[in-house]
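Pasting the structure below:
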């Protein structure tokens, strides 16, 4: 069963500065992933790893150019050009991430949702290629993207849509969300665990991301974990060695559990 690690766009880029890359973070993250893979190899253990990254300062500002909001509803316009512009921005970001991972000897390969995913009432997302890649010890790197839906419209599929879907479909035993905060925060305090007992209280405190984000922020992340009946961990990927420790199962952050 695989481990799924989502790298938030905010730890890989500055969302307020279009097409920026936090190179120090990206290099460090690649090194921590490499070290985790080596740890399992030295222990004669196997880890099947899937990486998912958000749009960061690449996808979000481009998507926003084509997003029109009327009466609280989001609609994409001029998509004869816009679909490619958004797709191109995400391919550019994905290439940067994968090139860096590959430079550390991580066998990362790209999965581009816009080429095969349909986002409707039921998500159509064929995972056959991902499963075969994992069998061959490759590391699929999936990214947020623009996709078509089944109502003749367009929709952003975010990393927070992708992670719980893959977790269920591939029966992942660990899903991790590396963010720019220490966990889910209420009044600057980390909530150690979120489940059915306290979810209403937690959601009442949360709003969407305060940066240029067309996908919904922390609240949406929690809602998608809940909707898909998953268990995951939100932690701070900006802190040195946190990603390495998380991949070893030593997560310090917020546990979100709706698996029961």
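In UniProt numbering, the protein residues as written are 1 to 260. Glycine included, C-beta positions come from ideal geometry on N, C-alpha and C.
task = Quick one: give me the first and last residue of the beta strand (DSSP E) that residue 73 is part of.
result = 73–76
ask   = Can you list, in chain order, the residues of its chain whose CB lies under 8 Å from that of residue 120, leaving out five sequence neighbours each side?
value = Around residue 120: 149, 150 and 151.
inquiry  = Could you tell me the alpha carbon to alpha carbon distance between residue 160 and residue 43, rounded to whole angstroms?
reply    = 31 Å
request  = Just the C-alpha distance for residue 37 and residue 108, rounded to the nearest angstrom, thanks.
outcome  = Between residue 37 and residue 108, the C-alpha separation is close to 12 Å.
query = Within the chosen definition, does the stretch 231–239 reach the stretch 172–180 through at least 3 CB pairs nearer than 8 Å?
reply = yes
request  = Have a look at residue 64 and residue 227 and give me their C-alpha separation to the nearest angstrom.
outcome  = 26 Å
Bridge partners - residue 178, DSSP secondary structure assignment = 7 and 235
request  = Would you give the residue range spanned by the alpha helix (DSSP H) that residue 65 belongs to?
outcome  = 56–65
request  = Tell me, please, whether the stretch 135–144 touches the stretch 97–117 by the rule of three or more beta-carbon pairs shorter than 8 Å.
outcome  = Yes, the stretch 135–144 touches the stretch 97–117.
request  = Assign residue 6 to buried or exposed, taking buried as 16 or more other Cβ atoms, counted over all protein chains shown, within 10 Å of its Cβ.
outcome  = buried
message = Considering Cα atoms alone, identify which of 257, 223, 26 and 247 is closest to residue 231.
response = 257
key: CA-to-CA distance, residue 24 to residue 10, given in whole angstroms   = 13 Å
key: Every unbroken alpha helix (DSSP H) inside the stretch 146–210 [4 residues or more]   = Runs found: 159–170 and 199–205.
message = Suppose contacts are defined by Cβ-Cβ distances below 8 Å. Is residue 184 in contact with residue 175 by that definition?
response = no
request  = Report, in whole angstroms, the separation of the C-beta atoms of residue 165 and residue 116, which I expect to be a contact under 8 Å.
outcome  = Wrong, their Cβ atoms sit about 14 Å apart, outside the cutoff.
key: Within 8 Å, strictly: CB atoms of residue 35 and residue 220   = no
Rounded C-alpha distance that separates residue 39 from residue 49 = 13 Å
Beta-carbon contacts of residue 31 that lie in its chain and below 8 Å, excluding the five residues immediately before and after = For residue 31, same chain residues with a beta-carbon under 8 Å away, outside a window of 5 residues either side, are 104 in chain order.
Segment limits, alpha helix (DSSP H) that includes residue 100 = 79–103
ask   = Which first and last residues belong to the alpha helix (DSSP H) in which residue 247 is found?
value = 242–247
key: Which of helix, strand or coil DSSP assigns to residue 113   = helix
request  = Would you grab the beta carbon distance between residue 19 and residue 58 for me? Rounded to a whole angstrom, and I think it's under 8 Å.
outcome  = Yes, they are in contact, since the Cβ atoms of residue 19 and residue 58 sit about 6 Å apart, within 8 Å.
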